[in-house]
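A short worksheet on the structure shown next.
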Amino acid sequence: MKNMMLAFGAATMAIPVAATVAPVQAEAQRYYERGYDRPYSGRVWQDRRGYYRCKKSDGTTGMLVGAAGGAILGRELDGRGDKAVGTILGAAAGAILGKKIEQNIINKRPRYCR
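Numbering (the numbering used here), first residue to last: 57 to 170.
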């Protein structure tokens, strides 16, 4: 009777362990299927469907440089008064232009990027 109780106890402890093995293997399979094992290599990577994707610049640096340059140019072109209007308009125009220029220069993407 004692041996039978020990066998029953061992079986009840082994059943939950055996049940958790299958999901762990399934998780490992999903990890590779989803491409998580592929390292991100800088500006280009592959998404879940196999398409190549590229990291694109948001144009922040160009916007800041353009705003500074536009403010200086606008201040010089505004010849009358306190020159605030020329500075503000020049900064706004320079920021927009600088952002567009940086996005067009940096985001020249290769053919394989979407």
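The beta-carbon is built from N, C-alpha and C at its ideal position, and this holds for glycine as well.
Proximity below 8 Å, CB of residue i to CB of residue j
i           : j           : result
residue 146 : residue 131 : yes
residue 158 : residue 115 : yes
residue 119 : residue 149 : no
Which of helix, strand or coil DSSP assigns to residue i
i           : result
residue 131 : helix
Euclidean distance between Cα positions of residue i and residue j
i           : j           : result
residue 64  : residue 107 : 54 Å
residue 143 : residue 123 : 10 Å
residue 160 : residue 135 : 33 Å
residue 140 : residue 156 : 24 Å
residue 62  : residue 102 : 54 Å
residue 59  : residue 70  : 16 Å
residue 57  : residue 66  : 14 Å
Beta-carbon proximity list for residue i, same chain, < 8 Å, skipping 5 on both sides
i           : result
residue 133 : 142, 146
Buried or exposed (CB count within 10 angstroms, at least 16 for buried), residue i
i           : result
residue 137 : exposed
residue 127 : buried
Contacting residues, own chain, Cβ-Cβ under 7 Å from residue i (five flanking each side not counted)
i           : result
residue 121 : 154
residue 117 : 158
Cutoff 6 Å; reference residue i; Cβ partners in own chain excluding five residues on either side
i           : result
residue 129 : 146
residue 172 : With the chain running from 57 to 170 in the structure shown, residue 172 is simply not present.
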